[in-house]
Amino acid sequence: MKHVSHWIGGKPWDGEAERHGDVYDPATGQVTGQVDFAGPAEVDLAVAAARDAFRTWRRVSLAKRATTLFAFRELARDHATELAKLITEEHGKVASDAAGEVARGLEVVEFACGIPHLLKGGYSENVSTNVDSYSIRQPVGVVAGITPFNFPAMVPMWMFPLAIACGNSFVLKPSEKDPSASLLIASLWAEAGLPDGVFNVIQGDKVAVDAILQHQDIAAVSFVGSTPIARYVYENGTRAGKRVQALGGAKNHMVVLPDADLDLAADAAVSAGFGSAGERCMAISAVVAVDPIGDELIAKIKDRVANLRVGPGTDERSEMGPLVTGPHRDRVASYLDSGVREGATLAVDGRVHPVIGGEPGGFWLGPSVLDHVTPQMSCYTDEIFGPVLSVLRAPSYEEAVDLVNSNPAGNGTAVFTNDGGAARRFVSEAEIGMVGVNVPIPVPMAYYSFGGWKASLFGDTHVHGTEGIHFYTRGKVVTSRWLDPSHGGVNLGFPVNT
Ligand code: NAD
Numbered sequence: 001m002k003h004v005s006h007w008i009g010g011k012p013w014d015g016e017a018e019r020h021g022d023v024y025d026p027a028t029g030q031v032t033g034q035v036d037f038a039g040p041a042e043v044d045l046a047v048a049a050a051r052d053a054f055r056t057w058r059r060v061s062l063a064k065r066a067t068t069l070f071a072f073r074e075l076a077r078d079h080a081t082e083l084a085k086l087i088t089e090e091h092g093k094v095a096s097d098a099a100g101e102v103a104r105g106l107e108v109v110e111f112a113c114g115i116p117h118l119l120k121g122g123y124s125e126n127v128s129t130n131v132d133s134y135s136i137r138q139p140v141g142v143v144a145g146i147t148p149f150n151f152p153a154m155v156p157m158w159m160f161p162l163a164i165a166c167g168n169s170f171v172l173k174p175s176e177k178d179p180s181a182s183l184l185i186a187s188l189w190a191e192a193g194l195p196d197g198v199f200n201v202i203q204g205d206k207v208a209v210d211a212i213l214q215h216q217d218i219a220a221v222s223f224v225g226s227t228p229i230a231r232y233v234y235e236n237g238t239r240a241g242k243r244v245q246a247l248g249g250a251k252n253h254m255v256v257l258p259d260a261d262l263d264l265a266a267d268a269a270v271s272a273g274f275g276s277a278g279e280r281c282m283a284i285s286a287v288v289a290v291d292p293i294g295d296e297l298i299a300k301i302k303d304r305v306a307n308l309r310v311g312p313g314t315d316e317r318s319e320m321g322p323l324v325t326g327p328h329r330d331r332v333a334s335y336l337d338s339g340v341r342e343g344a345t346l347a348v349d350g351r352v353h354p355v356i357g358g359e360p361g362g363f364w365l366g367p368s369v370l371d372h373v374t375p376q377m378s379c380y381t382d383e384i385f386g387p388v389l390s391v392l393r394a395p396s397y398e399e400a401v402d403l404v405n406s407n408p409a410g411n412g413t414a415v416f417t418n419d420g421g422a423a424r425r426f427v428s429e430a431e432i433g434m435v436g437v438n439v440p441i442p443v444p445m446a447y448y449s450f451g452g453w454k455a456s457l458f459g460d461t462h463v464h465g466t467e468g469i470h471f472y473t474r475g476k477v478v479t480s481r482w483l484d485p486s487h488g489g490v491n492l493g494f495p496v497n498t
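Under my numbering, read the sequence shown as residues 1 to 498, first letter to last.
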């Protein structure tokens, strides 16, 4: 049984936790370890270490910060397979998917290596006679990151590389379901030469989150998780005076127009619906087939789903692993019954899909497709976050776009078409933060910013890219005049240019 604990002040915490949680191997259903749950006292310790470290880290030169980031990047790349293995063991996703998540996270580290360039300000000479102005961006202080189970490496990597590069210190509270990746990351930072206390990890649940939200020495909180908790974190964090960006859940629609290449669309729907067992915030969960192609599209989707290989993430043959926990698997499966009860057709029942090499206790659910779903059904109104694809039929382009825009979530969407004009119109009309054209999972690169609209984001700053730099810094504008012979004497008037 492994024991997973906190990382505070550059080393593992050696205290005794009062509360613990179980960590599972989702492919067997067995408990493989215990994770310590922090109370306010451990959060205090981590924040105190971060606050101390911030005093010196914020003064470290940009050149030295970039060197430390480069060192971390090299180490993380060298340990990428180990990191991916930890993710598969606790999350269940297949090895290639775990490796992909690490690679995408590393892209943000690589972006952050350019911090000397990213923090450049502006300078204007002679804004008034002999007066110059320039803008700088300074770190905000101690920053916390609270992250979900579905990307235990990538989502934290959306946050801490830029926060640290900008001169902040960081306290990460990862998901209690797959906590180990965070500790490997912490040890790599130490090896890279990051001063003790700049990166800390606090394991735990709501108690740790509440202590973070109330802590007066935490200046900003980045959160990624479900919509109700994102709203809670945003409301409580901002009430306590913090800067908060809270990314929530999703219901991503893929609109297939009648002129689309239906083989391409079916490949995309299956890849984006069932990759990582649908446990991605950018997974496609609703396919909107615009008349008259619904029957043809669903036949192509069914053919592909039948051939998906479900099995343990550690087995090279597997394309899709188990779900993260037993209760989550049961909740996802419940939508198959409720969907049918409410009038949908169960086109593919994942409960009878074969599992290759899987142990019976694993949290298995094969890929499922519900057809003739309507907007009132709970399988449509709820975020299922599992391998269930809902297919809706829309009589026209306009009704498809209405469906997308009426949904409270606004994370991602995609349109499949060969008509450039229709695609352009969709891009303009979709009230969604990230839009794909013949690309089903339009996750922005590290140098753009990632984030949704509406109930998928509380706050107004997206993560990474320029918006990430802005979130982790405060702007300051300096106006300076160096003594010159033209002393004007006392002047109580408002400074204006004459
Ligand atoms: P979650 O909201 O249950 O948990 C997220 C974090 O909040 C975890 O660290 C957890 O410990 C903490 N938490 C859980 N319950 C809490 C409570 N009552 N009070 C305070 N803190 C609490 O989310 P999850 O199940 O880990 O992850 C899946 C969700 O995350 C999905 O809704 C998915 O769409 C969303 N997600 C969104 C994005 C995005 O970019 N918008 C990315 C990844 C995941």
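Each residue gets a CB set at the ideal place from its N, CA and C atoms; glycine is no exception.
Does the beta-carbon of residue i, which I'm using as the reference point, lie nearer than 6 angstroms to any heavy atom of the ligand NAD?
i	result
P148	yes
L247	yes
I229	yes
F274	no
V108	no
V224	yes
C281	yes
F111	no
N252	no
K206	yes
Report the rounded CA-to-CA distance for residue i versus residue j, giving the unit in angstroms.
i	j	result
V288	A230	27 angstroms
V108	S334	37 angstroms
A508	G275	With the chain running from 1 to 498 in the structure shown, residue 508 is simply not present.
H462	E74	27 angstroms
V332	H20	26 angstroms
N130	S124	11 angstroms
F223	D484	50 angstroms
T374	G237	36 angstroms
H3	G386	28 angstroms
Q30	A266	35 angstroms
G100	T81	10 angstroms
A144	S378	34 angstroms
N497	S128	6 angstroms
F539	D337	Only positions 1 to 498 of the chain appear in the structure, and residue 539 is not among them; the question remains open.
T516	S428	No answer is possible for residue 516: the residues shown for the chain start at 1 and end at 498.
N168	V207	24 angstroms
L183	H6	8 angstroms
M157	G489	54 angstroms
G311	E319	7 angstroms
A41	V340	49 angstroms
Q216	Q138	19 angstroms
G92	D132	57 angstroms
What residue from the options has the CA that sits closest to residue i's CA?
i	options	result
S180	E359, E90, E431, V478	E90
V355	G366, T345, A347, D349	G366
R58	V490, Y472, N497	Y472
F160	H464, F494, R474, L86	H464
S219	V140, A211, V171, N150	As written in the sequence, residue 219 is Ala, which differs from the Ser given in the question. The residue with the shortest Cα to Cα distance from A219 is V140.
N150	K177, V143, V171, C166	K177
A409	G452, G105, H328, V256	G452
A76	W189, D402, Q245, I298	W189
P26	Y234, V427, M434, G321	G321
G433	K11, A53, N405	N405
R239	L264, A344, L213	L213
V198	V439, T28, A50, S133	A50
A423	L257, L323, I441, D402	L257
S96	D52, G313, R304, G248	G313
G357	V435, R309, G193	R309
Specify, as a first and last residue, the run of the beta strand (DSSP E) that residue i falls within.
i	result
K2	2-4
M434	434-437
G145	142-146
L346	345-348
S169	169-173
H20	19-25
Q34	30-37
M154	Careful: M154 lies outside any beta strand (DSSP E), inside the alpha helix (DSSP H) at 154-165.
H253	252-256
If we count the other Cβ atoms within 10 Å of its Cβ and call it buried at 16 or more, is residue i buried or exposed?
i	result
V478	exposed
A63	exposed
R549	Nothing about residue 549 can be read from this structure; the chain reaches only from 1 to 498.
R329	buried
F363	buried
L492	exposed
M154	buried
In the DSSP assignment, find the alpha helix (DSSP H) that holds residue i and state where it starts and stops.
i	result
S271	262-274
V209	206-214
Between residue i and chain D, is any beta-carbon pair separated by less than 7 angstroms?
i	result
V439	Of the protein chains in this structure there is only one, and it is not chain D.
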